[in-house]
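Asker: Let me begin by handing over the structure; questions about it come next.
2 protein chains.
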Amino acid sequence: MTSLDLTADVVALTRALVDLPSESGAEGPLADAVESALAALPHLTVERLGHTVVARTEFGRPERVLVAGHLDTVPAAGNLPSRLEQDRVYGLGACDMKGGVAVALRLAAQLTAPARDITYVFYECEEVEGERNGLLRLATHRPALLAADFAILMEPSDAGVEAGCQGVLQADLVVRGTRAHTARAWTGVNAAHRAAAILQRLADHTPERVLIDGLEYREGLSAVAVRAGVAGNVVPDECVITVNARFAPHRSPKEAEDYVRGLFDPASYDDFVVTDAAPGALPGLDRPAVASLISFLGAAPRPKLGWTDVARFTELGVPALNFGPGDPTLAHTAGEFVPVAQLRECERTLGEWLR
Amino acid sequence: MTSLDLTADVVALTRALVDLPSESGAEGPLADAVESALAALPHLTVERLGHTVVARTEFGRPERVLVAGHLDTVPAAGNLPSRLEQDRVYGLGACDMKGGVAVALRLAAQLTAPARDITYVFYECEEVEGERNGLLRLATHRPALLAADFAILMEPSDAGVEAGCQGVLQADLVVRGTRAHTARAWTGVNAAHRAAAILQRLADHTPERVLIDGLEYREGLSAVAVRAGVAGNVVPDECVITVNARFAPHRSPKEAEDYVRGLFDPASYDDFVVTDAAPGALPGLDRPAVASLISFLGAAPRPKLGWTDVARFTELGVPALNFGPGDPTLAHTAGEFVPVAQLRECERTLGEWLR
């Protein structure tokens, strides 16, 4: 098993985390390493569920803060192993979000007697369908481990505070046709040809920009998969377009579904199947705990555009925000990186607030 | 091993062949059964290459006729097992082309002393890319087994003669984009959205109808597969549209490629990769052997729209035509069937001409 040195510099630790690949579903070796490193710290109680590791201080403080980060990444895109270049750590997950995980692990090792009790959560399967999410599994099977007065998700937010988050809707648009031999293609109906209208509608759509608490939430609508094909000489009778919608937190998942459905001519598809939906979270800038951290950091909050588990904490009644190193626009890109300066800044400021 | 009774009625034999599934690449059990049944006939010499079975009479006759059919089918579409209904045999491959194979097997068993020597070829992988084709393997490794004065392919042609055949071109149109997280989709370029233009162009295209020797060859252009998708929350950076073109035999494969390329705006795709190409065959109605069978059958020839191995024989210098039971427009459809009357008619007329 790879062992992680939490006393090493945050840059070295980030690189070590990147170099331990952990695509969603394959977080096992990384979770093992994290669990083992944390179990060695006497001020923490460590528990594990699947590939999710929870470490808690138990000093009986009046307040408890939860610091969380997901261990998984999207699939590699020729961006392994890590490399350090121009004061940036490059590599799969460097930005989303092994840099944030490295900061949290460093704090877990350093803060041996914090003013507030702290729960660190390193969890699995954030990058895939919601039902596999490690936080959901905790909320279902071990809800007491998530109890807290305030949660900080270390998702990339350029070392600033990003408040609230957008919701996500995943749906399959199914276009049907009639199978035929391609030598007599005119006797069939080509589902892939019919799908042109759906894809063109997506290409033409201009997503909305929604203002909430002074923050602009910019929506998105993307085909993330297209699948058609029976055999090389068969007119395909089905084409499935998987659509991923990001919606501002003023819409419920049901409202988002109706909105997306309404964009398409009902004659252009045969089925609309929602496969995943997660509500967004309103920014809640008036909550005392949110205001406290924002005021300590002294920076204006920005809207979080990606969906994050802030929404899950909102549903559990725990105020939460995103605060972590890395430019969120680089998440899931082959060239993602995290600036060394932001790693150090997050470690320093969050350490001071938590100390 | 299933054993085939070649003395059984042609309908029972067709159903037995349908009920022995043989999707391309999985023809082994059917080839075993065919080889075993033919090996039991003392007037035939049987050889095998892969899942292709060749059986020959060797009476030293001045002329040799080759009768061929492929053993493979496209994938099942809920159309197994076979059933007999309203004097039709339904089921996967009933039309394309286990009905024709049944007729050929019956003739192989019955014609113990034909006027011409006969070579029966039952071959693999006709429904997939050309390089796996069993006839090509024979032409490459055992060309002497294909020597003949005339070839009859028992592809479905409604128990009439279909002359020549169209060519086939298979190509991948690759559309590229820039990967991005869907929460900030506007920072990427969605390759699936870009693909709308290609699919719409295919939907809008009206294929040509070409007259040769008085026969109309109707061309076709179909997307047979569309593939895009990295992960559920990633803007895909590539979409591949596989296009299948059927072109009249006056075009060479290169001319067909130029024609298809010319249909698309060069800005609408990034790569055009030809993955398979096979020339068509001109009808050649003036060849004596072709004229002889057509005159014996007393029916006007029709153009063959599907590609068949007639083109391969044309390249080998062996005159060839399609003559077999089943409506070719039903090939590769879930509801394909072969009429009992056509099975019997083909067995009778071809038997008389070959006797």
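Which chain is which? The protein sequence lines are S and A, in order.
Quick note: the first sequence uses our numbering, first residue 1, plus one each step.
Quick note: the second sequence uses our numbering, first residue 1001, plus one each step.
Glycine included, C-beta positions come from ideal geometry on N, C-alpha and C.
1. In chain S, what lies closer than 8 Å to Cys1239 of chain A by C-beta?
2. Check whether chain A comes within 8 Å of Pro249 of chain S, counting only Cβ atoms and requiring the distance to be less than that.
3. Arg88 of chain S and Phe337 of chain S: beta carbons closer than 8 Å?
4. Hey, does Gln200 of chain S have any beta-carbon neighbour from chain A nearer than 8 Å?
5. Got a sec: is the Cβ-Cβ distance from Asn244 of chain S to anything in chain A below 8 Å?
6. How many Å lie between Gly284 of chain S and Ser295 of chain S at the Cα?
7. For chain A, check one thing: does any of its Cβ atoms lie closer than 8 Å to the Cβ of Leu305 of chain S?
8. Output, in sequence order along the chain, the residues in the region 1151-1169 of chain A whose CB is closer than 7 Å to any CB in chain B.
9. Kindly indicate if chain A contains any beta-carbon less than 8 Å away from that of Thr314 of chain S.
10. Give a yes or no on contact between the region 188-207 of chain S and the region 1193-1208 of chain A, applying the rule of three or more CB pairs nearer than 8 Å.
11. Run through chain S and tell me which residues come within less than 9 Å of Ala1076 of chain A, C-beta to C-beta.
12. How many Å lie between His43 of chain S and Thr57 of chain S at the Cα?
13. Can you pull out the residues from the region 116-135 of chain S whose beta carbon lies closer than 8 Å to at least one beta carbon of chain A?
14. Where in the region 238-321 of chain S do unbroken runs of the alpha helix (DSSP H), each at least 4 residues long, occur, reported from the N-terminal end onward?
15. For Ser1252 of chain A, which residues in chain S fall below 9 Å Cβ to Cβ?
16. Three or more beta-carbon pairs under 8 Å between the region 1155-1164 of chain A and the region 1262-1278 of chain A, yes or no?
17. Counting only C-beta atoms, is Arg179 of chain S closer than 8 Å to chain A at any point?
18. Just reading off the alpha helix (DSSP H) that Gln166 of chain S is part of, what are its end residues?
19. By DSSP, does Glu131 of chain S sit in helix, in strand, or in coil?
20. Based on Cα-Cα distance, which residue from A:Ser1252, A:Arg1116, A:Gly1351 and A:Pro1339 lies nearest to Pro1328 of chain A?
21. Would you tell me roughly how many angstroms separate the C-alpha atoms of Ile1118 of chain A and Leu1293 of chain A, rounded to the nearest one?
22. Using only alpha-carbon positions, find the residue among A:Glu1352, A:Phe1247 and A:Arg1015 that is nearest to Met1097 of chain A.
23. Cβ closer than 8 Å: which chain S residues qualify as neighbours of Arg1137 of chain A?
24. What residues in its chain sit with their C-beta under 8 Å from that of Leu136 of chain S, if we drop five residues either side in the sequence?
25. Since Gly1167 of chain A contacts Ala1278 of chain A with CB under 8 Å, what's their CB separation in whole angstroms?
26. Three-state secondary structure (DSSP) at Pro29 of chain S?
27. Measure the C-alpha to C-alpha separation of Asn244 of chain S and Gln170 of chain S and round it to an integer number of angstroms.
28. Kindly list, in the order they appear in chain S, the residues whose Cβ is closer than 9 Å to that of Pro1236 of chain A.
29. Thr182 of chain S versus chain A: which residues are under 9 Å apart at the beta carbon?
30. What are the residues that DSSP puts in a beta bridge with Ser222 of chain S?
31. Look up Gly229 of chain S in the DSSP assignment and say whether it is helix, strand or coil.
32. Can you grab the Cα-Cα spacing for the pair Gly281 of chain S / Gly1093 of chain A, in whole Å?
33. Give me the Cβ distance between Ala1320 of chain A and Ala1151 of chain A, rounded to the nearest whole Å; I'm assuming they're in contact under 8 Å.
34. From the DSSP secondary-structure annotation, give me the bridge partner or partners of Asp1158 of chain A.
35. Looking at the unbroken beta strand (DSSP E) that takes in Leu1066 of chain A, where does it start and where does it end?
36. Taking Val1310 of chain A as the reference, give the member of A:Gly1069, A:Arg1048 and A:Ser1003 with the closest Cα.
Answerer: On the basis of the coordinates in this document:
1. Val226
2. no
3. yes
4. yes
5. yes
6. 14 Å
7. At least one chain A Cβ lies under 8 Å of Leu305 of chain S.
8. No chain B is present in this structure, whose protein chains are S and A.
9. no
10. yes
11. Those within 9 Å of Ala1076 of chain A in chain S number zero; the least Cβ separation is about 11 Å.
12. 6 Å
13. Glu127, Val128 and Glu129
14. The region 238-321 of chain S contains, as complete alpha helix (DSSP H) runs of 4+ residues, the segments 253-263, 288-297 and 310-316 (chain order).
15. For Ser1252 of chain A, there are no neighbours in chain S by C-beta distance under 9 Å, as the nearest C-beta there is about 18 Å away.
16. no
17. yes
18. Run containing Gln166 of chain S: none; DSSP gives neither H nor E here.
19. helix
20. A:Pro1339
21. If you take the alpha carbons of Ile1118 of chain A and Leu1293 of chain A, they lie about 15 Å apart.
22. A:Arg1015
23. Correct list: empty, because the minimum Cβ distance to chain S is about 18 Å.
24. Gly130 and Arg312
25. 6 Å
26. Looking at Pro29 of chain S - three-state DSSP - the assignment turns out to be helix.
27. Their backbone Cα atoms lie some 5 Å apart in a straight line.
28. Ser222, Ala223, Val224, Ala225 and Val226
29. What Thr182 of chain S touches in chain A: Val1168, Gly1220, Leu1221, Ser1222, Val1224, Asn1244, Ala1245, Arg1246, Gly1306 and His1332.
30. S:Asn244
31. strand
32. According to the sequence provided, residue 281 of chain S is Ala. The question's Gly does not apply to it. Rounded to whole angstroms, Ala281 of chain S to Gly1093 of chain A spans 55 Å at the Cα level.
33. 4 Å
34. Beta-bridge pairing links Asp1158 of chain A to no other residue.
35. Where Leu1066 of chain A is concerned, the enclosing beta strand (DSSP E) starts and stops at Arg1064 to His1070.
36. A:Gly1069
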